[in-house]
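2 protein chains.
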Amino acid sequence: MKIHIHKQSTIPIYLQISNQIAQRIHSGLLLENEQLPSLRMLADELSISVLTIRKAYKWLEKTGYVWVKPGKGVFVLKKTNRAQQKKDSSNNWQQTLGINVVRSQYLMNKESVTYNFSKAVVYPRLLPNKFLAEETQKLLKEDASILTTYGSVQGDEELRIEISKHLFEFQKIRSTHENIIITSGVQQGIDLVAQAVLKPGDSVIVESPCYGGALDIFINKGIHIIPIEMDNEGIRSDLIEDVFHKFNPKLLYVNPSFQNPTGVSMSSDRRKELVELAERYNFFILEDDSFGDIYFEQSVRQPPIKYYDRDHHVIYIKGFSKTLAPGIRIAAMLAYGPIFDWLLAVKASMDVGSPLLTQKVILPFLRTDRMRNHVEKLRIALQLRRDRSVDILSTETNRLQFQIPNGGFNLWLSINKPKIDIFDLLKKANEKDISFLPGVACYNNKTNEPSFRISYSLVSEDELSIGLVELCKIINQY
Amino acid sequence: MKIHIHKQSTIPIYLQISNQIAQRIHSGLLLENEQLPSLRMLADELSISVLTIRKAYKWLEKTGYVWVKPGKGVFVLKKTNRAQQKKDSSNNWQQTLGINVVRSQYLMNKESVTYNFSKAVVYPRLLPNKFLAEETQKLLKEDASILTTYGSVQGDEELRIEISKHLFEFQKIRSTHENIIITSGVQQGIDLVAQAVLKPGDSVIVESPCYGGALDIFINKGIHIIPIEMDNEGIRSDLIEDVFHKFNPKLLYVNPSFQNPTGVSMSSDRRKELVELAERYNFFILEDDSFGDIYFEQSVRQPPIKYYDRDHHVIYIKGFSKTLAPGIRIAAMLAYGPIFDWLLAVKASMDVGSPLLTQKVILPFLRTDRMRNHVEKLRIALQLRRDRSVDILSTETNRLQFQIPNGGFNLWLSINKPKIDIFDLLKKANEKDISFLPGVACYNNKTNEPSFRISYSLVSEDELSIGLVELCKIINQY
C-alpha cells in the first residue's frame, strides 16, 4: 500500500496512516470487505513499529472504517454500516468536514519503479532534448523578457500560427490561429472543456474503457458518466442514440486514434457517424487526439473526427507531451462558435494562461521539418517496442488475452483464467519493482475487472524485456 | 465594446457579433436596460458595414436579448422578459445548449493598451530577467532532460526544499518540503483548493471587495459566496460568527496583506481571531499571500495568518509571479492533514503537475541571497510609484476618494460626486488607451459600484504619470 509518512509532520504518524487508509476506502481503492495488510506486514513495509500500526487500525475501527474479525484480520466495513458508526466519533476535524471524495488514477501507483509500465509517457532518450535545449538557450540569450512577461491567456500567437500549419500538415485540419487555445497539456484541456460545457449533474458519454485521467475530472466534478462499450471500430455509435433520449448528454469524450487504454482505432465510418449524431442531437464532441501521430502503418492512418465537422460540434485537442516534450506540458485546443470565448474565460480563471517560456521552447522545432522527421523515427522506435512486448507477452505466458494495437503507447490485457485479483497482481509486481495500470482505473462503474494496461513507451528497451518477462513469471505463478 | 471578429471563421460575422454581445448580457457585463452602441458607432469601431451590425442586432432582438425603442435605440431586455422570448427561436445550436454562464474578470478589459492600470503585474524591467535567463541557459546546457521529463505532480523536490527555507526567512513560517505543492500560479492554487474543499452549493466567505479572479472561480463552480465587509483592520471578523450559524461555510478566502483590490492590511489581532474562529467552527482558511513581501515600511510588515495556525486550518499560498517572474507561473501551496493528499489528487487531475523547466528557472535565484536584495529594491521602486500615483490622483482632480496603501500594487478609488457610471468612464479611458479594473469585478453581488482599481505596477514611470494625469482629466470632464 502506498502510504507517505512525513516524519517531520506535526500529525502523529498513526493518524497519517489511518487518514490515508480512510481516503482509500472513501475513494473505492480499498473495497468493502477487503482485508487490510496484517500489522506486521504493514509495519515492515513502512519501517514503523507494530504499535503505531495497531494504533492506526484502532482509529479506523473507532471511526467506523474497518472491523476486526477475531483471529482472521482487519476488513473494510460496508458503507451502510460505516456511515452509522462514523457519526459517533472522529478525532480529526478535517475528516469531519467531508472533504470531497476524489477519485484519482494518480493515487493508484508509486511514482518511481524501475519497470514502469503504468505511464503512457515516452522514453526521454527518444526525444529531441538536445535540440530543444539549444534553441531555448538561444532564445533566452536574445530575449530574456519571455521569463518575466505574462503570456496572453489564449497562448503565444507565434506558437498558435505554427500549430495551425502543423494541424493541416499532420491532421488535414484547416484552422486559424485565432481559434486555438494553448493549454497546459491535454489533461488541462479536458478539465477546461468539462468546466465550460458541463454543470454538476449534466451527463457526458465516454468510451468504456476510457482514459482514467478524464474519468477523474468528470467524477470529481459530479458529472454523470455514461460509459458506452467499444467494438473493433471504436465506441458503438448504435448505442448512443438511445442514451440521448434518456439523458440528453451535452458532451461526448472520445480518444479515436489508438485509444487509451485499448489501442483500438475508430473507423472512418464511425467518425462520420459521431458527427452526424452530434448534429442531430446537438452535443459537443471532445476529440482527444493524443496518439493520432503514432500510427505503425500508413494504412491505419485516419483523419481526425474534427476533419468531418461541419457546424462546430467538435472541440479538438492535440498534445505535444506524447511526441515532443512531456515536461513542458503544452497542448493545443481548437474550437469554434460561442464556446470559444467561454473556453477562454475558463482558461483565464484556471491559471491566467500557460507559461510563455514553455510555449516558446517547442516553436523552433515546429517551424522546421524536424517535427516530421522526429515523429517518423518515434513511430519506428515505438513499433519495435510494441513488437517486442507482443512477442514476450504471448510466448512467456498463455494466460493473457489482448489485441495488437496498430499505433499508440498501450497494450490492454485481460486474464480470464485463472481468476486473478488484479490488485493482488499489482502488489506482487510492485514487489519486483514493476508497475502497470489496473483496469478499474479506466471504468467509472467497476470495482473488479480482470484487465490492465501496459505502456511500452516509458522504459528502456532492456527494461521493457526484463520487466515483461518477470511480469509473465508472476502471472504464471497463479 | 471588445468584440473579436475572426474574418477567416466560417461563422458569419453578424453571428460572431451577436453571440459575443449575448454572452456579455448573460454574464452581466451588459446590464438590463443598458443601451447598446448605435449601429453607426459599432460599425465604425469594428470597421464593419452598418448592414452587418443591423443584422446582428436583429438576431439579438429575435432571440430575445434586446428590444428596440423606436427613435431612441437598442436596449438590453430584462431577464424576466428575455427568458420568454428566447424560447421561441435560436438559430445557433451552441446557444441553445445553455453553455455555462461564466463570469470573467478577463473579459472586462482589452489585453493591450499603453496605459495599462488594470493588471496587478510588475513592470518587466524591475525584474531580474537577465540573471534568470543566464542561469536557465546554464541549466539547459548541463541537463537537457528537464525539457522532456514529467516533473512530479507535487512539484520539483529541489524547489520545494528551497521554498521551505524561503518561507521561513521571509514569512517566519516553519514548513517541510513534503507539505508543499507547486502550482501554476496563485490562480491555479485557488482553483485547486476550491475543487478539493467545495462542492457546488457549499459556501465560501470572502472579503468584500474581493480579488475578482477568485470570485470568477467560485461563481463558475456554483459555490455560494458570502461577502463580508472590511474595515481598516481587514475583514470584519465580528460578522463572521453569525454567518456560520446560517450557512456553515467550509472555506474562508482572504488576502490579508495589502489586499487586492483595497490595499488594506489585516491587523495581527484580526489574523489571530480568524484562526480562533476557524478552530471553533472547523473551516479552512485559504490565505493568499500574493503581496506580503511588498511592504513599504518595516512597521507594517506582518507574519501571515499561517504563522498563528495550530491545527492545520490554514492553507497558505505564495506566488512568485508578483515578485519574480510572472511569465513562468509558479506558486507554492502549504497544507497539512488529510486535505494535503486531496489537493495532490486534484492537482494530478488538473494538469499532472506543473512544467519542470519553469520550476527550475527560479531555483538558482532562491538559492542565493539575490531574492532578498531584489525584493528590497522592488519595494523601493513600487513605493515611489505609489507616491507618484497618490500625488497625481490627489492634485489633478478632487473627485476621487481613496486610502493610501502601505504596500502592494493597487489603489482602490471611488467617485461619489458627480455620480459617474464607471463603465462609461472605462469606455472613455479606453479611447485614450488607458485601462483600469471596474469595481464590480471585485463583488459577486453588485452591478453598479462607484469604485475602480488602479494598479501602479505594470507600466513605466513615465506612462504612469501621463496615463494618470489623462485619466484625471477625463474624470474632471464629467
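Protein chains in written order, with my numbering: chain A, 984 to 1461; chain D, 984 to 1461. Backbone N, C-alpha and C fix where the C-beta goes; we use that ideal spot for every residue, glycine too. The structure displayed is predicted, hence computed values, not measured ones.
**OP:** Would you kindly work out how many angstroms separate the C-alpha atoms of A:K1415 and A:P1388, rounded to a whole number?
**Re:** Position 432 of the first sequence, counting from 1, holds the residue named residue 1415 of chain A. Position 405 of the first sequence, counting from 1, holds the residue named residue 1388 of chain A. Cα-Cα distance, rounded: 27 Å.
Subject >> Own chain residues within Cβ distance below 8 Å of A:K1330, not counting five before or after >> reply: Position 347 of the first sequence, counting from 1, holds the residue named residue 1330 of chain A. V1136, Q1137, I1164, T1166, L1175 and G1336.
Original post:
Does the region 1094-1101 of chain D come within contact of the region 1446-1460 of chain D, defined as at least 3 CB pairs closer than 8 Å?
Top reply: Contact holds: three or more Cβ-Cβ distances are below 8 Å.
**OP:** Output the boundary residues of the beta strand (DSSP E) element that contains A:Q1384.
**Re:** As a working mapping, residue 1384 of chain A is identified with position 401 in the first sequence. First-last of the beta strand (DSSP E) with A:Q1384: L1383 to F1385.
Original post:
Whose C-alpha, out of D:R1350, D:P1321 and D:G1391, is nearest the C-alpha of A:H989?
Top reply: Within the first sequence, the letter at position 6 stands for residue 989 of chain A. Among D:R1350, D:P1321 and D:G1391, the Cα nearest to that of A:H989 belongs to D:P1321.
Original post:
Excluding the five sequence neighbours on either side, which residues of its own chain have a C-beta within less than 8 Å of the C-beta of D:A1026, listed in chain order?
Top reply: On the second sequence, position 43 is the one that residue 1026 of chain D refers to. Within the same chain, D:A1026 has close Cβ partners S1032, V1033, T1035 and I1036.
Original post:
Contact between the region 1352-1368 of chain A and the region 1221-1231 of chain D: three or more CB pairs below 8 Å?
Top reply: no
Original post:
When you compare only the Cα positions, how much space is there between D:N1002 and D:F1058?
Top reply: Your numbering for residue 1002 of chain D matches position 19 in the second sequence. Your numbering for residue 1058 of chain D matches position 75 in the second sequence. Using only the alpha carbons, I get a separation of about 16 Å.
Original post:
Per DSSP, D:S1186 is paired with what?
Top reply: By one-based count along the second sequence, residue 1186 of chain D stands at place 203. According to DSSP, D:S1186 bridges with D:H1207.
**OP:** Label A:V1423 either buried or exposed according to how many other C-beta atoms from any shown protein chain fall within 10 Å of its C-beta, with 16 as the threshold for buried.
**Re:** Position 440 of the first sequence, counted from the first residue, corresponds to residue 1423 of chain A. Burial call: buried.
**OP:** Compare the Cα-Cα distances from D:I1209 to each of D:N1428, D:R1436, D:L1447 and D:L1367 and report the closest residue.
**Re:** Here residue 1209 of chain D is taken as the residue at index 226 of the second sequence, counted from 1. Minimum Cα distance to D:I1209 is reached at D:N1428.
Subject >> Whether A:Q1120 touches D:K1124 by CB criterion (8 Å) >> reply: As a first step, residue 1120 of chain A is located in the first sequence; it is residue number 137 there, counting from the start. As a first step, residue 1124 of chain D is located in the second sequence; it is residue number 141 there, counting from the start. Yes, they are a contact pair.
**OP:** Verify the CB distance criterion: does D:K1061 have a CB-CB separation below 8 Å to chain A?
**Re:** Translated into the one-based positions of the second sequence, residue 1061 of chain D becomes position 78. Under the 8 Å criterion on CB atoms, D:K1061 is classed as non-interfacial with respect to chain A.
Subject >> Any C-beta of chain A under 8 Å from that of D:E1444 >> reply: What you label residue 1444 of chain D is simply residue 461 of the second sequence in a count that begins at 1. Not one chain A Cβ lies under 8 Å of D:E1444.
Original post:
From A:V1187 to A:I1206, what does the alpha carbon distance come to, in whole angstroms?
Top reply: Residue numbering aside, residue 1187 of chain A sits at position 204 when the first sequence is read from its first letter. Residue numbering aside, residue 1206 of chain A sits at position 223 when the first sequence is read from its first letter. Cα to Cα, the separation comes out at about 7 Å.
Original post:
What residues in the region 1309-1320 of chain A bring their beta carbon closer than 8 Å to a beta carbon of chain D?
Top reply: P1309, G1310, I1311, R1312, Y1319 and G1320
**OP:** Would you mind reading off the limits of the beta strand (DSSP E) that contains D:T1079?
**Re:** In the second sequence, the residue the question calls residue 1079 of chain D occupies position 96. Here D:T1079 belongs to no beta strand (DSSP E); instead the alpha helix (DSSP H) covers W1076 to T1079.
Subject >> Within 7 Å of chain D by C-beta, residues of the region 1106-1137 of chain A in sequence order >> reply: P1107, L1110, N1112, K1113, L1115, A1116, T1119, Q1120, L1123, K1124, A1127, S1128, I1129, L1130, T1131, T1132, Y1133, G1134, S1135 and V1136
Original post:
Any idea if D:E1444 is buried or exposed, counting beta-carbon neighbours within 10 angstroms, 16 or more meaning buried?
Top reply: Numbered from its first residue, the second sequence carries residue 1444 of chain D at position 461. Burial call: exposed.
Subject >> Interface flag, A:A1331 vs chain D, CB-CB below 8 Å >> reply: Mapped onto the first sequence, residue 1331 of chain A falls at position 348. Answer yes: the Cβ-Cβ gap between A:A1331 and chain D drops below 8 Å somewhere.
**OP:** For A:F1419, I'd like the list of residues in its chain whose CB is within less than 6 Å of its CB, leaving aside the five on either flank, ordered along the chain.
**Re:** Mapped onto the first sequence, residue 1419 of chain A falls at position 436. Once the five neighbours on either side are set aside, the close Cβ partners of A:F1419 are F1100, S1101, F1435 and I1437.
Subject >> Contact between the region 1399-1412 of chain D and the region 1257-1276 of chain D (3+ Cβ pairs under 8 Å) >> reply: no
Subject >> Contact set between D:Q1006 and chain A, taken where Cβ atoms lie within less than 8 Å >> reply: Mapped onto the second sequence, residue 1006 of chain D falls at position 23. Within 8 Å Cβ-Cβ: P1321, D1324 and W1325.
Subject >> A:D1271: first and last residue of the uninterrupted beta strand (DSSP E) it sits in >> reply: Against the first sequence, residue 1271 of chain A aligns to sequence position 288. It spans F1267 to D1271 - the beta strand (DSSP E) in which A:D1271 sits, taken as one unbroken run.
Original post:
By Cβ distance, which residues of its chain are closer than 7 Å to A:E1446, with the 5 residues on each side in sequence left out?
Top reply: By 1-based counting over the first sequence, the position of residue 1446 of chain A is 463. For A:E1446, where only same-chain residues beyond five positions count, the Cβ hits under 7 Å are T1097 and Y1098.
**OP:** Would you mind reading off the limits of the alpha helix (DSSP H) that contains A:N1112?
**Re:** Taking the first sequence and counting its residues from 1, one reaches residue 1112 of chain A at position 129. Looking at the DSSP string, the run of the alpha helix (DSSP H) that includes A:N1112 is N1112 to E1125.
Original post:
Between the C-alpha atoms of A:Y1299 and A:E1212, what's the straight-line distance to the nearest angstrom?
Top reply: Along the first sequence, read from residue 1 onward, the residue named residue 1299 of chain A stands at position 316. Along the first sequence, read from residue 1 onward, the residue named residue 1212 of chain A stands at position 229. Between A:Y1299 and A:E1212, the C-alpha separation is close to 22 Å.
Subject >> Proximity winner among A:S1021, A:K1061 and A:W1076, relative to A:L998 (alpha-carbon distances) >> reply: The residue you call residue 998 of chain A lines up with position 15 of the first sequence. A:L998 has its Cα closest to that of A:W1076, out of A:S1021, A:K1061 and A:W1076.
**OP:** Might you give, ordered along the chain, the residues of its own chain that have their beta carbon closer than 7 Å to the beta carbon of D:H1295, omitting 5 neighbours on each side?
**Re:** On the second sequence, position 312 is the one that residue 1295 of chain D refers to. For D:H1295, where only same-chain residues beyond five positions count, the Cβ hits under 7 Å are Y1319 and G1320.
**OP:** State the DSSP-derived secondary structure class of D:Q1018, mapped to helix, strand or coil.
**Re:** Residue mapping note: residue 1018 of chain D aligns to position 35 of the second sequence, counting from 1. In this structure, D:Q1018 counts as strand in the three-state DSSP scheme.
Original post:
Is any beta-carbon of chain D found at less than 8 Å from that of A:P1338?
Top reply: Translated into the one-based positions of the first sequence, residue 1338 of chain A becomes position 355. With 8 Å as the cut-off, A:P1338 counts as an interface residue toward chain D.
Original post:
Any Cβ of chain D within less than 8 Å of the Cβ of A:W1395?
Top reply: As a first step, residue 1395 of chain A must be located in the first sequence, where it is residue number 412. Not an interface residue.
Original post:
Given that a residue counts as buried once 16 or more other Cβ atoms are within 10 Å of its Cβ, and exposed if not, what is D:V1283?
Top reply: What you label residue 1283 of chain D is simply residue 300 of the second sequence in a count that begins at 1. With fewer than 16 Cβ atoms within 10 Å of its Cβ, D:V1283 is classed as exposed.
Subject >> Three-state secondary structure assigned by DSSP to D:D1214 >> reply: Here residue 1214 of chain D refers to the residue found at position 231 of the second sequence. If DSSP states are grouped into helix, strand and coil, D:D1214 belongs with the strands.
Original post:
Looking at the structure shown, is A:I1398 part of a helix, part of a strand, or coil, going by DSSP?
Top reply: The residue given as residue 1398 of chain A occupies position 415 in the first sequence. If DSSP states are grouped into helix, strand and coil, A:I1398 belongs with the strands.
Subject >> Cβ-based neighbour list, D:P1244, same chain, cut-off 6 Å, excluding 5 preceding and 5 following >> reply: For the purposes of this step, residue 1244 of chain D is taken as residue 261 along the second sequence, with counting starting at 1. Result list for D:P1244: P1192, N1393, W1395, C1425 and R1436, in chain order.
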